[in-house]
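Chemist: This is the structure I want to talk about, given as structure tokens.
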Amino acid sequence: MLLALAACSPPSAGPKYEAAGAQTPHRGGTLRFAVRDTIPTLDPTVAYDEISYFALRLLWEPLLDYAPGSAVLVGRLAERWEVTENATTFHFWLRADSRFSDGTPVVAADVKFALERALRTPDSPFSQWLGDVTGASEVIANKAPHCAGISTPNERELVIHLEHPNAGFLYTLAAPFTAPQRESHVAAVGADVRRTPLGNGPYMLDRWSEGERFVVTRNPVYSGAQPAYPDEIEMLEGVARDTQFMMLEQGELDTAYRLAAPDLMWVKAQPRWRSYVKTSTMMNTQGFRFDVTQKPFDDVRVRRAFNYALDRAHVAKLLVGAALPAHGMLPPGVLGRDETLQPYPHDIAKARALLGEAGYGTGLEVELVTIADEDATKLAESFQADLAEVGVTMHISVVAFSVYLTALGKRGGPALAYAGWLGDSPDPTSFLDAKFASAAISDDASPNDSFYANPKLDGLLDAARTDGDSNNRIRLYNEAERVLADDPPWVWAYHEATNEVSQPYVKGMAPSPVWIRDFSTVWLDLDEHGERVER
Amino acid sequence: MSPLRRFSANRGAVVGAALVIIVIAFALVAPHFGKDPLARDIDHGLTELGSPLGPSSHALLGTDHLGRDVLARLIAGARTSLVIAFISTSVALAIALLIGLTAGYAGGRLDAFLMRLVDLSMAFPVILLAILLAALLREADLANADAPVVLTLGGVSWTTMARLIRGKAMTVMRSEYVLAARALGASPVRVIVRHVLPNVAGVVIVVAAIGFAQNLLAESVLSYVGLGPPPPAPTWGRMLFEGRNYYRSAPHLVLAPGLAIGIAVIAFNLLAEGLRDALDPKGAR
Amino acid sequence: MSLTLRFVVRRVGWAFVVAWFAISVTFAMVVAIPADPAKALLGPHATEETIKRVQEHYCLDRGFAGQYACWMSNVVHGDLGESYRTKRPVTEILAERIGPTVMLALAAIFLQIVIGVPLGIIAAWRKGQWPDRAAGLVGLIGQSAPPFFVGTLVLYLFAFRLGWFPISGYGSGLLGHVRHLVLPAMTLATVGIALYARVTRSELIDSLGEDYVRTARAKGVRERDVLLRHALRPALGPLVTLIGVDLGVLVGGAVVVEYIFAWPGLGREVLAGIFALDLPLILGVVLISAFAIAIANLFADLAYLWLDPRLRDR
Chain A
-11 MLLALAACSP PSAGPKYEAA GAQTPHRGGT LRFAVRDTIP TLDPTVAYDE
39 ISYFALRLLW EPLLDYAPGS AVLVGRLAER WEVTENATTF HFWLRADSRF
89 SDGTPVVAAD VKFALERALR TPDSPFSQWL GDVTGASEVI ANKAPHCAGI
139 STPNERELVI HLEHPNAGFL YTLAAPFTAP QRESHVAAVG ADVRRTPLGN
189 GPYMLDRWSE GERFVVTRNP VYSGAQPAYP DEIEMLEGVA RDTQFMMLEQ
239 GELDTAYRLA APDLMWVKAQ PRWRSYVKTS TMMNTQGFRF DVTQKPFDDV
289 RVRRAFNYAL DRAHVAKLLV GAALPAHGML PPGVLGRDET LQPYPHDIAK
339 ARALLGEAGY GTGLEVELVT IADEDATKLA ESFQADLAEV GVTMHISVVA
389 FSVYLTALGK RGGPALAYAG WLGDSPDPTS FLDAKFASAA ISDDASPNDS
439 FYANPKLDGL LDAARTDGDS NNRIRLYNEA ERVLADDPPW VWAYHEATNE
489 VSQPYVKGMA PSPVWIRDFS TVWLDLDEHG ERVER
Chain B
5 MSPLRRFSAN RGAVVGAALV IIVIAFALVA PHFGKDPLAR DIDHGLTELG
55 SPLGPSSHAL LGTDHLGRDV LARLIAGART SLVIAFISTS VALAIALLIG
105 LTAGYAGGRL DAFLMRLVDL SMAFPVILLA ILLAALLREA DLANADAPVV
155 LTLGGVSWTT MARLIRGKAM TVMRSEYVLA ARALGASPVR VIVRHVLPNV
205 AGVVIVVAAI GFAQNLLAES VLSYVGLGPP PPAPTWGRML FEGRNYYRSA
255 PHLVLAPGLA IGIAVIAFNL LAEGLRDALD PKGAR
Chain C
329 MSLTLRFVVR RVGWAFVVAW FAISVTFAMV VAIPADPAKA LLGPHATEET
379 IKRVQEHYCL DRGFAGQYAC WMSNVVHGDL GESYRTKRPV TEILAERIGP
429 TVMLALAAIF LQIVIGVPLG IIAAWRKGQW PDRAAGLVGL IGQSAPPFFV
479 GTLVLYLFAF RLGWFPISGY GSGLLGHVRH LVLPAMTLAT VGIALYARVT
529 RSELIDSLGE DYVRTARAKG VRERDVLLRH ALRPALGPLV TLIGVDLGVL
579 VGGAVVVEYI FAWPGLGREV LAGIFALDLP LILGVVLISA FAIAIANLFA
629 DLAYLWLDPR LRDR
């Protein structure tokens, strides 16, 4: 009976509200959205997940950030900056009028403190991001109280010196952990630093009932470039994806994101909702990773055959169009992506021929390790059927995410596994050096979990990382992309796009390829009383 | 009236028995059914948008999210689902009977100890046990991929059964006829077999039927952590789990496995109820 | 000391033993999972050095015995450690989450009793007639539907389509909590209602056949009184056992239901903890649920003795 009631289609499927019709952005209103998990902590030094980042980026403003809707760096706390030719010295001039939400001015030492705190904190995931900074390893090892490579000539200037040139380092300074923290505040609140943020961002914490609701209000002393149109931003925690969409339809949320495939299909089929669905690319790559040291994947012909076997058009359709077929590791928008390269075509004959050459013409049995994620399972099941057509029997083994993560980085782990990679920054080092440089190989927890070592690729990556000239870098990374396409350590499948649906009165939403959601230009088109206009 | 006569006089029980026979026949016919439950058809089995197709002459119960035939998967899944539920319930019942009867019969310290053992088993998060078993048994490379599911389900669903059986057994042990039998020097085995067992049979059948119903579906909850028969093998629980969010865009993905499970559960319960009433000596009075 | 008091003291002592045992076994289980909590915490980008540092920080590099000693030394000092994922003291998390969970558990058990027991009584009273069959059918449907399924449907139907209840969350104020409580409690109680109804029916039918009930009937006691006064009382025993079991288990967390309805209780917390292999948090929740189960069972057994006097001399 319940089923029958639930199955019949709803009376009206369209937004309940409409835009009031203002032409220019204006302040006012509360923006409400929800997230699937809970916010673990508001301490920027240890918070390292999508959801905490939403919160931290409202509360803090680091030296740099990305222009809304793009992967281009702009100054925030930094007024201007200079990078020396060989990418070893980074000099920042801070804005004079930036203040913490308690009114005290932000000085260069607050940024230095934040960076050093990341080095000193044993469970901070960010210490490795600063590994190239001169003197960082002494602070990590507890041998020095301060980092020799970070200096503050005066209150307005900050200089960071690297031991090894790294052209991608600038991106690090857009991450929330690099935003200023006042030493006296951190010392005073002690362990409560995880819930008593003192930031310099456009908003400040109003209330946080952990696991339920996180609310920020506009920071009255904020003087930066972000307009901060909504008076308040409210984030509901731990709301499942399909529930978020129902709440949006009921008008309980203003915007929902990352709809699951069933909801996305449904909303795309509703004429009145369709135009409010936005898709945008993310800095990620999905596919299957080989352990290139294990049979049969030590043979490049087998790896190429697997790439030919995958039908990328089918994958895109299965994911309701939220997938762009991939030719390599670098997603669109990342420097050095070679746009002239094409994904491997779905070519059964070629795949069979290559497997035959490699001595597997009579058949091959492999095991794929994957996680219980809906999209990952779809991808795996589709690939399983593709492989069957070329004479490969693939068994799927599903494990918990933690088991999967641990198994992959170990030498002698699974030979074939589902893989997804979300870059920490839009710099190619975050994709290529991190994943395929031989320097990233270790025995127990190898970030290069393909155990891929190619001297030619290493040479290109080293040259590109230490070159301050972006044209040179583009040329080198183009070349690296071709090397990896030809000698694939992965089955390159697709780059995932994210989606969001907002109420008609939500304007100026610019999904960020790096942060996924960015609220810096959002405004609410409400009537003169600040009420939503019913249609 | 003989138990058989009593059983056949019970309309519900007869209907249940008939349904059970149909469901089992359904499971047996699976390998001989024409359509391939694993054949995915992304080009024609899905709409332009990628949405599963509703029921049509092309696919009687529609297609799933990979464009596979739902009816073919339902039939192919019957055997796996029923076998998993049956074995895991038997495992649970065996443990529960052993512990519940011993505790109820012996009483005293042994009873206290066994009941604390039950407390202990109930305190573990089931999902943790599932992750552990899935990971360990994957490495052990068991020939049967369903073994982790059966072991997990059997290992966690015995506790409530054991408590109920022990409670009933305790009551029976205090009844006049058992006291009389013991006073006359009946051996423990004789007391258990002749007096306790028949009297707890009602509770046992009820809890076993409930356990079976829950285990038919519990496997789908374990899919949350990837513990279940590996894809693409169809089982009813997995189909329901995969279809759970399609209740608006493709409701047949929920309805088809949901109804199949519902019918199987009702059938086995009617049968169990009928058996209980037929076997229970007091029910006849 | 009276017999009952000695019984209670012994059982509370047992509760400690059971709790200690439960956390030790859980500890062994988590350590046995071939997954590294440091890796789960830091994600795929972490280098081996960063992972080593975190392992050292949380005693994860010391093997089973070393880790166990590390944790136990905290517990002895009344400190359950800090959650890996949230860096928050586990005691603080437990204190905050237990309230919503107990509220949900009590609401579900309340529904199971007020709906399940009357259904069972009616079914036993009209055994084999249509009310019995109708109750049986309702029970069958109830117990065959898994929580993730019932939860999703109930949410869609009653909160989204009909708008009778809020879609998700915890609400504020007593009235707000109650409004938000209805759907998750209903979902959680579905299986229980069916179970309670069946056990009540089956027990009542048994005791209706007992001699003292027939005696009462022969003495001309009204049928309603026979049913509610004489037959029901001994039938309450197994029911009380069930309530004890449920109370304990539900405090351990109604994982799926709390997740679906965004209810901020222990179950949702422990689910996130298990995925992150957040050992201190997992142990904290197991500790609480072990105690809850032991205490709930103690009360159930006491009630059992009180209901069925024949057992009292054992």
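Residue numbers (our numbering), protein chains in the order written: chain A, -11 to 523; chain B, 5 to 289; chain C, 329 to 642. The beta carbon of each residue, even a glycine, is placed where N, CA and C say it ideally should be.
1. Are A/Leu472 and A/Met317 touching if we call contact CB-CB under 8 Å?
2. Do we get a CB-CB distance below 8 Å when we pair C/Ser496 with the residues of chain A?
3. So which residues of chain A does B/Asn219 contact, with C-beta pairs closer than 7 Å?
4. Put A/His149 into one of helix, strand or coil per three-state DSSP.
5. For chain C, check one thing: does any of its Cβ atoms lie closer than 8 Å to the Cβ of B/Leu8?
6. Return the CA-CA distance between C/Ala517 and C/Gln440, expressed in angstroms with no decimal places.
7. Starting from B/Pro234, find everything on chain A with Cβ-Cβ shorter than 9 Å and list it in chain order.
8. Under the rule that 16 or more other beta-carbon atoms within 10 Å means buried, what is B/Ala147, buried or exposed?
9. Is the CB-CB distance between C/Gly479 and C/Val403 below 8 Å?
10. Considering only residues of the segment 223 to 310 of chain A, which uninterrupted alpha helix (DSSP H) runs meet the minimum length of 4 residues and lie entirely inside it, listed in chain order?
11. Starting from the N-terminal side, write out each stretch of the beta strand (DSSP E) that is 3 residues or longer and does not extend beyond the segment 481 to 523 of chain A.
12. Would you decide whether A/Val227 is buried or exposed? Buried here means 16 or more other CB atoms lie within 10 Å of its CB.
13. Quick one: which chain C residues come within Cβ less than 8 Å of B/Phe128?
14. So the beta strand (DSSP E) A/Asn142 belongs to, where does it begin and stop?
15. Grouping DSSP H, G and I as helix and E and B as strand, with all else coil, what is A/Gly187?
16. Give me the Cα-Cα distance between A/Arg520 and A/Ser426, rounded to the nearest whole angstrom.
17. On the criterion of 16 or more Cβ atoms from any shown chain inside 10 Å, does A/Pro141 qualify as buried, or is it exposed?
18. What is the DSSP secondary structure of A/Glu220, reduced to helix, strand or coil?
19. For a contact meaning CB atoms closer than 7 Å, what does A/Glu369 contact in chain B?
20. Using CA coordinates, which residue listed in B/Pro233, B/Leu275, B/Ile26, B/Pro56 is at the minimum distance from A/Val387?
21. Leaving out five residues before and five after A/Val174 in sequence, what residues of the same chain have Cβ atoms less than 6 Å from its Cβ?
22. Provide the residue span of the beta strand (DSSP E) that contains B/Gly262, from first to last.
23. In whole angstroms, what is the alpha-carbon distance linking B/Leu57 and A/Gly309?
24. Taking C-alpha atoms, which residue in A/Leu420, A/Ala106, A/Ile429 lies nearest to A/Tyr36?
25. Taking the CB atoms as reference points, tell me whether B/Arg15 and B/Ala282 lie closer together than 8 Å.
26. Using 8 Å as the limit for Cβ to Cβ distance, is B/Ser12 near chain A?
27. Name, going along the chain, the residues of the segment 85 to 117 of chain A whose beta-carbon falls closer than 8 Å to a beta-carbon of chain C.
28. So B/Arg167 contacts chain C; which residues on that side make the cut at Cβ distance below 7 Å?
29. From this set, C/Gln457, C/Ala356, C/Ile571, C/Thr378, which residue's C-alpha is nearest A/Ile128's C-alpha?
30. Sort A/Pro492, A/Asp432, A/Gly456 by Cα distance to C/Thr375 and report the nearest one.
31. I'd like to confirm the pairing. Which residues does DSSP put opposite A/Ser385 in its beta bridges?
32. Check B/Leu114 in the structure and name its three-state DSSP category.
33. Would you list the one or two residues that DSSP bridges to A/Ala405?
34. Please name the residues in the segment 234 to 253 of chain A whose beta-carbon is closer than 9 Å to at least one beta-carbon of chain C, in chain order.
35. Is the CB-CB distance between A/Tyr410 and A/Ile384 below 8 Å?
36. Quick check on the DSSP output: the beta strand (DSSP E) that includes A/Trp81 runs from which residue to which?
Modeler: In short, the structure shows the following:
1. Contact: yes.
2. Yes, its Cβ sits closer than 8 Å to a Cβ of chain A.
3. The premise fails here: B/Asn219 is roughly 20 Å from chain A at the closest Cβ pair, so nothing lies under 7 Å.
4. In the three-state reduction of the DSSP assignment, A/His149 falls in the strand class, which pools E and B.
5. Answer no: the Cβ-Cβ gap between B/Leu8 and chain C never drops below 8 Å.
6. Approximately 6 Å, taken between the alpha carbons.
7. The contacting residues are His383, Ile384, Ser385, Val386.
8. For B/Ala147, the pLDDT reaches just 46, beneath the cut-off of 50, and the residue's location in the model is therefore unreliable, leaving the point undetermined.
9. No, Cβ-Cβ distance for C/Gly479 and C/Val403 is not below 8 Å.
10. Fully enclosed alpha helix (DSSP H) runs of 4 or longer: 229 to 237, 249 to 256, 259 to 262, 288 to 297, 300 to 306.
11. Whole beta strand (DSSP E) segments, 3+ residues: zero.
12. Burial call: buried.
13. Neighbours of B/Phe128 on chain C, chain order: Ala350, Val353, Thr354, Met357, Val614.
14. Start and end: 138 to 142.
15. Of the three classes helix, strand and coil, the one that applies to A/Gly187 here is coil, per DSSP.
16. CA-to-CA, the gap between A/Arg520 and A/Ser426 works out to about 56 Å.
17. Counting of Cβ neighbours within 10 angstroms places A/Pro141 among the exposed residues, the total staying below 16.
18. Three-state result, A/Glu220: strand.
19. Under the 7 Å cutoff, chain B gives Leu70, Pro235, Pro236.
20. Proximity to A/Val387 across B/Pro233, B/Leu275, B/Ile26, B/Pro56 peaks at B/Pro233, based on C-alpha coordinates.
21. Counting only Cβ-Cβ distances below 6 Å, and skipping sequence neighbours, we find Val181.
22. Unbroken run through B/Gly262 is the alpha helix (DSSP H), 256 to 283; no beta strand (DSSP E).
23. Rounded to the nearest angstrom, the gap between the Cα atoms of B/Leu57 and A/Gly309 is 17 Å.
24. Closest by alpha carbon: A/Ala106.
25. In this structure, B/Arg15 lies away from B/Ala282, with their beta-carbon atoms at least 8 Å apart.
26. Not one chain A Cβ lies under 8 Å of B/Ser12.
27. Under the 8 Å Cβ criterion, the segment 85 to 117 of chain A contributes Pro110, Asp111, Pro113, Ser115, Gln116.
28. What B/Arg167 touches in chain C, judged by beta-carbon distance under 7 Å, is Thr569, Val573, going in chain order.
29. Among C/Gln457, C/Ala356, C/Ile571, C/Thr378, the Cα nearest to that of A/Ile128 belongs to C/Thr378.
30. The option with the nearest alpha carbon to C/Thr375 is A/Asp432.
31. A/Val357.
32. B/Leu114 sits in a helix when the DSSP states are folded into three classes.
33. Beta-bridge partners of A/Ala405 (DSSP): A/Arg277, A/Val357.
34. Listed in chain order, the positions of the segment 234 to 253 of chain A with a beta carbon within less than 9 Å of a beta carbon of chain C are Met234, Met235, Glu237, Gln238, Glu240.
35. For the record, residue 410 of chain A in the displayed sequence is Leu; it is not Tyr. Cβ atoms of A/Leu410 and A/Ile384: not closer than 8 Å.
36. That run of the beta strand (DSSP E) goes 77 to 82.
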